[in-house]
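First residue of the sequence shown? That's 639 in my numbering, and the numbers climb one at a time after it. Before any comments, here is the structure.
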Amino acid sequence: MTRDKDKSDQDDARTRQAKGSIQEAIGKIIGNAAIEQRGSRESEAGARQAKADEASKAGKGSKAGTPKADKQIDTPIDRAGKD
């Protein structure tokens, strides 16, 4: 079974965010500000990456930049064959 690439990217971003949060918490527990800051940066980077992946996925499914597909033009139909 193969996973959707977009889903995989989003999972990777969320994993990065969680890893950073854990590293930040460990830094707080042991009192190491450098580890805490590194974890905070990693967590924020993962959150930004996930948000970007989400926006990218939403952009692929949208019809941005194209004419409205739902706009209908009412034209009379001549059933007798006359225009």
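Think of the CB as a built atom: it goes at the ideal place given N, C-alpha and C, for glycine as much as any other residue.
Problem - Beta-carbon contacts of Lys676 that lie in its chain and below 6 Å, excluding the five residues immediately before and after - result: Reading off the sequence shown, one finds Arg at residue 676, where the question assumed Lys. Hits under 6 Å: none found.
Exercise for the section: With DSSP collapsed to three states, give me the class of Ser694. Expected result: In the three-state scheme derived from DSSP, where H, G and I count as helix and E and B as strand, Ser694 is classed as helix.
Problem - Inter-residue spacing [alpha-carbon to alpha-carbon] between Lys666 and Ala690 - result: Their Cα atoms are separated by approximately 28 Å.
Exercise for the section: Select from Ala685, Gly684, Ala683 and Ser659 the residue whose C-alpha is nearest the C-alpha of Ile673. Expected result: Ser659
Practice task
Go through the segment 641-696 residue by residue and report every complete run of the beta strand (DSSP E) that reaches 3 residues or more, in order.
Solution key: none
Exercise for the section: Assign Arg679 to one of two classes, buried (16 or more other C-beta atoms within 10 Å of its C-beta) or exposed (fewer than that). Expected result: exposed
Handout entry: Whole-Å CB distance - Glu662 paired with Ser646, under 8 Å assumed
Key = So it is not a contact: roughly 25 Å between Cβ atoms.
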